[in-house]
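Q: Can you read through this structure? Questions will come right after.
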Amino acid sequence: MAVRAKAPARQARSGSGLAARHAPERSAEGSAMMQRWARHWLRSCRDMPKHALRLINDAGAEPEKQVHAFRRLMKAWRSLLKLAPDSLAEEARAVRAEIRALRRDFGAARDAVVLARTLEDALGKSLFERLPKPEGEAGSPAPSDLRPRLEAARIKLGRLSVEMARWSVAGEGGAFLLKGFERSCRKTRRRLHRDPLRMSLKRLHASRTAIVDLGYQLQFFRPAEAAEFALRGKLAERLRSQLGAVVDLDLAQRHLVTLMPAGHRAKAEYKRAEHKKAEHRIARRALKRRGKAARLARRLLDEQPKTLRARLGEMMALREPRRVKLS
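Next comes the structure, spelled out in C-alpha cells:
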C-alpha cells in the first residue's frame with residue numbers, strides 16, 4: 001500500500017505571533033541594544049540626585065515652584081527604581097525609602113499651597129475670601145522655613161549619589177526593565193479594578209501612586225515607543241491629574257469640616273456665610289473628577305500587561321535609548 005509522504009512542517013511566518021515579536025531581542029544586535037537600555041537606566045537613576053541638587057540650589061527659584069518640582073522629581077526617581085533588576089533590588093528599596101522621607105519633609109509646605117489653590121479654584125475668589133483661614137495654612141511657605149529642610153536634603157542627596165555610583169548592571173540585559181514595566185501595569189490594573197466612582201479615598205490614593213509610576217516609566221521608554229505607547233503616556237498623565245484633583249479636593253473638604261462651629265446659633269451663622277454651600281460645591285466637583293478618572297482608567301488599561309510587555313520589548317530591541325526629561 002502506498003504511503004503518502006509526510007508534508008514538511010509549515011514554517012511560522014516571520015511577522016506574526018509573540019515569537020516574532022521577541023525575535024529582535026534574541027538576536028545579537030537586539031541583545032546589544034537591550035544592554036544599552038540597561039546602562040541607560042542606570043545612568044538615569046544616577047542622574048536623579050544630581051538634578052535634584054541643581055534644583056534646590058537654585059537661589060532664584062520661587063519656594064512654591066521649587067517644592068513642587070522637587071517632589072515631582074522624587075516621584076520620577078522612585079518610578080525608575082521600581083524597574084531595578086533583582087541584583088539591585090535591596091539597594092533600590094533602601095533608596096526609595098530615603099526618597100519617601102525626602103518627599104514627606106516637604107509635604108506640609110506643599111499641602112498648604114495646594115489647599116489654598118484648590119479652595120479658591122473650586123469656590124471662586126469671593127466665596128474663598130469669606131472663609132476663615134487658620135494661621136499658616138493659606139500661603140506659600142516662607143523661604144526661611146524651607147532652608148533647614150533644603151540643607152538636610154542636600155546632605156542626603158549627596159550621600160545617595162555616592163552610594164549609587166557603586167551600582168552596576170554588568171551582565172544585565174534589558175529583560176529586567178520589561179519585567180518591571182509589566183509589574184507596574186499589573187499593579188495599576190489591580191489598583192484600578194474597582195470603579196474610581198466608588199473607591200475609598202485610601203484606595204484612590206494608592207491607585208494614583210501606581211498611575212504616577214506607570215506614567216513616568218512610559219516617559220522613560222519614550223524613545224522606543226510607537227504612537228500607541230505615546231497615547232498611553234498621555235492617558236496616564238491625564239488620569240494622574242484627575243485622581244490628584246480628587247485627593248486635593250478631599251483635603252479642602254476636610255479643611256472646611258474643621259471650620260464647622262459648635263452650637264445651634266453658630267451653625268446657623270455658618271450656613272448664612274455660605275460655608276455649607278462651599279462644601280456641596282467641592283463635593284460635586286470631586287464626583288465629576290472621579291467620573292472622568294473612571295473613563296480614563298478603562299481606556300488606559302484596555303490591554304493585558306503581558307501583551308504590552310511583548311510589544312515594548314520588540315521596540316526596545318530596535319531603537320536606541322536617549323535621555324528624556326522626567327519631571
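Numbering (our numbering), first residue to last: 1 to 327.
The beta-carbon is built from N, C-alpha and C at its ideal position, and this holds for glycine as well.
Please confirm if the region 159 to 171 is in contact with the region 193 to 204, defined as three or more CB-CB distances below 8 Å between the two stretches.
A: no
Q: How should His-40 be labelled, buried or exposed, when 16 other C-beta atoms within 10 angstroms of its C-beta is the threshold for buried?
A: buried
Q: What's the C-alpha gap between Arg-311 and Trp-37?
A: 16 Å
Q: Given 8 Å as the limit, is there contact between the region 51 to 70 and the region 185 to 200, that is, 3 or more CB pairs closer than that?
A: no
Q: Taking the alpha-carbon positions, what's the Val-257 to Asp-121 distance?
A: 18 Å
Q: Are the CB atoms of Ala-226 and Met-34 nearer to each other than 8 Å?
A: no
Q: Might you give, ordered along the chain, the residues of its own chain that have their beta carbon closer than 6 Å to the beta carbon of Ala-175, omitting 5 neighbours on each side?
A: none
Q: Roughly how far, in whole angstroms, is the beta-carbon of Leu-249 from the beta-carbon of Arg-289, given that I think they are within contact range, below 8 Å?
A: Taking C-beta atoms under 8 Å as the contact rule, Leu-249 and Arg-289 qualify, at a distance of about 7 Å.
Q: Starting from Gly-60, follow the alpha helix (DSSP H) in both directions and report where the run begins and ends.
A: First-last for Gly-60: undefined, no H or E at that position.
Q: Quick one: grab the DSSP three-state call for Leu-197.
A: coil
Q: Is Val-208 near Val-162, with beta carbons less than 8 Å apart?
A: A quick correction: the sequence has Arg, not Val, at residue 208. Going by C-beta atoms, Arg-208 is not nearer than 8 Å to Val-162.
Q: Can you confirm whether the region 98 to 111 touches the region 177 to 189 when touching is taken to mean that 3 or more C-beta pairs between the two stretches lie within less than 8 Å?
A: no
Q: Considering only C-alpha positions, which residue in the set Arg-284, Thr-188, Gly-60 is nearest to Leu-239?
A: For Leu-239, the nearest C-alpha among the options comes from Thr-188.
Q: So that I know if they touch, is there some Cβ in chain D lying closer than 8 Å to that of Leu-204?
A: Among the chains in the structure shown there is no chain D, since it carries only a single protein chain.
Q: In this structure, how does DSSP classify Glu-90 when only helix, strand and coil are distinguished?
A: helix
Q: Using a Cβ-Cβ cut-off of 6 Å (strictly less than) and excluding sequence neighbours within five positions of Leu-53, which residues of its own chain qualify?
A: Non-local C-beta neighbours of Leu-53 in its own chain, meaning closer than 6 Å and more than five positions away in sequence, comprise Leu-157, ordered along the chain.
Q: Does the distance from the CB of Lys-325 to the CB of Tyr-216 come in under 8 Å?
A: no
Q: Relative to the alpha-carbon of Pro-85, which residue among Cys-45, Gly-124, Cys-185 has its alpha-carbon at the smallest distance?
A: Cys-45
Q: Which class does Ala-112 belong to by DSSP, given the choice of helix, strand or coil?
A: Helix, per DSSP.
Q: Label Gln-66 either buried or exposed according to how many other C-beta atoms from any shown protein chain fall within 10 Å of its C-beta, with 16 as the threshold for buried.
A: buried
Q: Are the Cβ atoms of Ile-56 and Ala-153 separated by less than 8 Å?
A: Contact: yes.
Q: Between Arg-222 and the rest of its own chain, which residues show a CB-CB distance below 6 Å, the 5 nearest in sequence each way excluded?
A: Val-324
Q: Spatial neighbours of Ala-252 within its chain, please: CB distance less than 7 Å, with the 5 preceding and 5 following residues excluded, ordered by chain position.
A: Leu-115, Thr-118, Leu-119, Ala-122, Ile-282
Q: Thinking C-alpha only, which one of Leu-42, Asp-213, Pro-196, Arg-254 is nearest Arg-295?
A: Pro-196
Q: So Ala-236 packs on Leu-300, CB below 8 Å; how close in whole Å?
A: 6 Å
Q: Would you decide whether His-255 is buried or exposed? Buried here means 16 or more other CB atoms lie within 10 Å of its CB.
A: buried
Q: My understanding is that Ala-297 touches Leu-214, with C-beta atoms under 8 Å, so please give their C-beta distance in whole angstroms.
A: Not a contact, Cβ separation roughly 11 Å.
Q: Does the Cβ-Cβ distance between Lys-292 and Gln-242 come in under 8 Å?
A: yes
Q: Is Arg-96 near Leu-81, with beta carbons less than 8 Å apart?
A: yes
Q: Determine the contact status of Pro-49 and Leu-146, defining contact as a CB-CB distance below 8 Å.
A: Taking 8 Å as the cut-off, the Cβ atoms of Pro-49 and Leu-146 do not count as close.
Q: Where do the N-terminal and C-terminal ends of the alpha helix (DSSP H) with Glu-314 fall, by residue?
A: 305 to 316
Q: Should Glu-303 go down as buried or exposed, given a rule of 16 or more other Cβ atoms within 10 Å for buried?
A: exposed
Q: How big is the Cα-Cα spacing for Glu-314 and Asp-47?
A: 27 Å
Q: Tell me whether Leu-300 sits in a helix, a strand or coil according to DSSP, three-state version.
A: helix
Q: Could you tell me the alpha carbon to alpha carbon distance between Pro-134 and Arg-78, rounded to whole angstroms?
A: For Pro-134, the predicted model reports a pLDDT of 47, less than 50, meaning its position is unreliable; a value from the coordinates is still stated below. Distance between the alpha carbons of Pro-134 and Arg-78 is about 33 Å.
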